[in-house]
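Line by line, the protein sequences are chains A and B. Position one of the first sequence corresponds to residue 7 (the numbering used here), numbered consecutively onward. Position one of the second sequence corresponds to residue 33 (the numbering used here), numbered consecutively onward. C-beta: ideal position from N, C-alpha, C; glycine also. Keep in mind it's a predicted model, so treat the numbers as computed, not measured.
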Amino acid sequence: KNQVEQSPQSLIILEGKNCTLQCNYTVSPFSNLRWYKQDTGRGPVSLTIMTFSENTKSNGRYTATLDADTKQSSLHITASQLSDSASYICVVSQDDYKLSFGAGTTVTVRA
Amino acid sequence: DSGVTQTPKHLITATGQRVTLRCSPRSGDLSVYWYQQSLDQGLQFLIQYYNGEERAKGNILERFSAQQFPDLHSELNLSSLELGDSALYFCASSVGTGGWTEAFFGQGTRLTVV
């Protein structure tokens, strides 16, 4: 069983609308949680990185939240743009080298 | 541009063959990670090297092997290829090892086994 579960698997939104992606994890111990954006056929690019003590972190129109007690994170995209169409991957880092990846949520923004 | 270079970008080969994928990490990065991303699948961790030594192994098949050279570039060798090995193979690098290091990904090598 994957230790990092993301939902929904995919979603379609209209340009200008907001959306929220979910990430639940069971990874332990926990060092930090990252959200990556991956354009089709390209390598993932980091959006945010949060420790267990941080509740929220923003990067432009992207805002990530973290509840370390419930082991849940969300990524909120505000005022979506066509360029936001991508896969968004939740990655949980343990205290050592290991990164555990979620399967990703594919976001399609339509005009 | 992440600074991580992977070659080749695309590779088409036949079943049973062997290929080598190459990764040049960002300048100063000592860790190299290899990942496999099959069609509609998430990223699967294969193996990590740190300063020339194997540091961690993930779901890497015995037919696959990797190494990191003294100049810190890394190669992933895939042998006895099967159709199911068709995937995007990503390399990432980071300064060190440990949960805090930021990993930067290359653009990937798309392997197609026919």
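Distance CB(residue i)-CB(residue j) smaller than 8 Å
{"i": "A/I19", "j": "A/S79", "result": "no"}
{"i": "B/S125", "j": "B/R58", "result": "yes"}
{"i": "B/S112", "j": "B/G48", "result": "yes"}
{"i": "B/Q100", "j": "B/G90", "result": "no"}
{"i": "B/Q38", "j": "B/A119", "result": "no"}
{"i": "B/G140", "j": "B/S34", "result": "no"}
{"i": "A/A109", "j": "A/Q12", "result": "yes"}
{"i": "A/R48", "j": "A/S99", "result": "no"}
{"i": "A/F58", "j": "B/G74", "result": "no"}
{"i": "B/L71", "j": "B/L143", "result": "no"}
Supposed contact pair residue j and residue i - C-beta distance, whole angstroms, cut 8 Å
{"i": "A/A117", "j": "A/E21", "result": "5 Å"}
{"i": "A/L27", "j": "A/L81", "result": "5 Å"}
{"i": "A/T111", "j": "A/P14", "result": "6 Å"}
{"i": "B/L110", "j": "B/V51", "result": "5 Å"}
Local conformation of residue i per DSSP, three classes
{"i": "B/D18", "result": "As displayed, chain B neither begins before 33 nor continues past 146, which places residue 18 of chain B out of reach and without an answer."}
{"i": "A/D73", "result": "strand"}
{"i": "A/L105", "result": "strand"}
{"i": "B/S97", "result": "strand"}
{"i": "B/S59", "result": "coil"}
{"i": "A/L88", "result": "helix"}
{"i": "B/L115", "result": "helix"}
{"i": "B/I150", "result": "Outside the shown range of chain B, which is 33 to 146, sits residue 150 of chain B, and nothing can be said about it."}
{"i": "B/R50", "result": "coil"}
{"i": "B/Q73", "result": "coil"}
{"i": "A/E11", "result": "strand"}
{"i": "A/S59", "result": "coil"}
{"i": "A/H82", "result": "strand"}
{"i": "A/N65", "result": "strand"}
{"i": "A/I95", "result": "strand"}
{"i": "B/N83", "result": "coil"}
{"i": "B/V146", "result": "coil"}
{"i": "B/Q139", "result": "coil"}
Nearest candidate by alpha-carbon position, reference residue i, set the options
{"i": "B/G116", "options": "B/V145, B/Q38, B/Q76", "result": "B/V145"}
{"i": "A/Q9", "options": "A/T71, A/D45, A/D90, A/P35", "result": "A/P35"}
{"i": "A/S37", "options": "B/T133, B/S56, B/S97, B/L93", "result": "B/T133"}
{"i": "A/R67", "options": "A/N24, A/S16, A/V113, A/T114", "result": "A/N24"}
{"i": "B/Y65", "options": "B/L93, B/H105, B/A119, B/R50", "result": "B/H105"}
{"i": "A/T62", "options": "A/A74, A/S52, A/V51", "result": "A/A74"}
{"i": "A/K77", "options": "A/N65, A/C96, A/S64, A/L88", "result": "A/C96"}
{"i": "A/V115", "options": "A/D45, A/N30, A/Q100, A/D90", "result": "A/D90"}
{"i": "B/L108", "options": "B/Y81, B/V127, B/P102, B/L62", "result": "B/Y81"}
{"i": "A/L72", "options": "A/P50, A/L53, A/C29", "result": "A/C29"}
{"i": "A/V113", "options": "A/Y42, A/T54, A/S59, A/I55", "result": "A/Y42"}
{"i": "B/Y121", "options": "B/A135, B/V127, B/R50, B/L78", "result": "B/L78"}
{"i": "B/F96", "options": "B/R87, B/E114, B/P102, B/D103", "result": "B/E114"}
{"i": "B/P102", "options": "B/A46, B/P40, B/S63, B/K41", "result": "B/S63"}
{"i": "A/P50", "options": "B/G128, B/V36, B/V127, B/L143", "result": "B/V36"}
{"i": "A/T69", "options": "A/Y94, A/V33, A/L88", "result": "A/Y94"}
{"i": "B/F136", "options": "A/S16, A/L88, A/E60, A/S52", "result": "A/S52"}
Quiz prompt | Minimum length 4: unbroken alpha helix (DSSP H) runs contained in the stretch 23-48 of chain A | solution = none
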